[in-house]
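S.K.: Please find one structure pasted underneath; my questions will follow.
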Amino acid sequence: MSEKGNKMSVLYGSQTGNAEMLAYDVEAIASDDFDVQVAGLDEISLEDIMASDYVIICCSTWGDGEQPDNAQDMFDEASDSDDDAFSGTQFAILALGDTAFDLFCESGKEWDELLEGKGGSRINERIECDVDYEDEAEEWIEETVDLMKAHLA
């Protein structure tokens, strides 16, 4: 049974599976303290995201700075939502990209700006990971979950 105030949505926008894998890494670290739901951004409703106390989005950038296929529709829907749609939501963004491209981590940057612009509260700074992301991402995930746990007390 979940406690009020500890609902966490860990969402991923992924073209090749890396962001999805990181989302499940978040779940493994956070599940002792949070009621965690992991889902692709095409597998969840905007209402479910807005009802979450904590949101972590792991999102890769695809092509020339584009949202991954499974994230574009939700990004468009969230962009059209009310100005305070994410009020009361603590969030953090893990962006994946490749510095060989001009628009490095653009999708993650767009999610970060969107959630903040719609009333969300950034609980940790966005991380922008290049192709060798594993160690840096794991450290950020642990730090972010710890910051979120501090808000449960």
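Final position of the sequence shown in this note's numbering is 157; the numbers increase by one with none missing.
Beta carbons: idealized from backbone N, C-alpha and C, even for Gly.
So Cys63 and Ile97 are in contact, right, with Cβ under 8 Å, and what is the actual spacing, rounded?
M.R.: Here residue 63 refers to the residue found at position 59 of the sequence shown. Here residue 97 refers to the residue found at position 93 of the sequence shown. Indeed they touch by this definition, with Cβ atoms about 7 Å apart.
S.K.: What does a CB cutoff of less than 6 Å around Asp77 pick up in its chain, not counting 5 residues either side in sequence?
M.R.: Residue numbering aside, residue 77 sits at position 73 when the sequence shown is read from its first letter. None.
S.K.: DSSP beta-bridge partners for Glu24?
M.R.: The residue labelled residue 24 in the question sits at position 20 within the sequence shown. Looking at the DSSP assignment, Glu24 forms no beta bridge with any residue, so it has no partner.
S.K.: In the structure shown, what three-state DSSP assignment does Val149 receive?
M.R.: One-based indexing of the sequence shown puts residue 149 at position 145. In the structure shown, Val149 sits in a helix (DSSP, three-state: H, G or I).
S.K.: Would you list the one or two residues that DSSP bridges to Gln94?
M.R.: As a working note, residue 94 is residue 90 in the sequence shown. In the DSSP output, where bridge partners are listed per residue, Gln94 has Tyr58 and Ser125.
S.K.: Among the candidates Ser56, Thr93, Glu110 and Ile53, whose CA atom is the shortest distance from the CA of Thr65?
M.R.: Counting from one through the sequence shown, the residue named residue 65 turns up at place 61. Nearest C-alpha to Thr65: Glu110.
S.K.: Could you check if Val59 is buried or exposed, using at least 16 other CB atoms within 10 Å of its CB as the buried criterion?
M.R.: For the purposes of this step, residue 59 is identified with residue 55 of the sequence shown, where counting begins at 1. The residue is buried, with at least 16 neighbouring Cβ atoms inside 10 Å.
S.K.: Roughly how many angstroms lie between the CA atoms of Ser6 and Glu120, to the nearest whole one?
M.R.: Counted from its first residue, the sequence shown places residue 6 at position 2. Counted from its first residue, the sequence shown places residue 120 at position 116. Per-residue confidence for Ser6 stands at a pLDDT of 40, beneath the threshold of 50, marking its modelled position as unreliable; the derived number appears in the next sentence. If I take the Cα positions, the gap works out to 26 Å.
S.K.: So, at 7 Å on beta carbons, what are the nonlocal neighbours of Glu146 in its own chain, with the 5 sequence-adjacent residues on each side left out?
M.R.: The residue given as residue 146 occupies position 142 in the sequence shown. Once the five neighbours on either side are set aside, the close Cβ partners of Glu146 are Ile33.
S.K.: Using 10 angstroms around the beta-carbon of Arg172, count the other beta-carbons present and answer buried if the total reaches 16, otherwise exposed.
M.R.: Nothing can be reported for residue 172, as the shown portion of the chain is limited to 5 through 157.
S.K.: Quick one: Cα of Asp86 to Cα of Gly101, how far?
M.R.: For the purposes of this step, residue 86 is identified with residue 82 of the sequence shown, where counting begins at 1. For the purposes of this step, residue 101 is identified with residue 97 of the sequence shown, where counting begins at 1. Those two C-alpha atoms are separated by around 29 Å.
S.K.: According to DSSP, Trp115 sits in a beta bridge with which residue or residues?
M.R.: In the sequence shown, the residue the question calls residue 115 occupies position 111. DSSP, once it has assigned bridges, lists no residue as partnering Trp115.
S.K.: By how many angstroms is the C-alpha of Leu156 removed from the C-alpha of Met12?
M.R.: Taking the first residue of the sequence shown as position 1, residue 12 is located at position 8. Taking the first residue of the sequence shown as position 1, residue 156 is located at position 152. For Met12 and Leu156, the distance between alpha carbons rounds to 12 Å.
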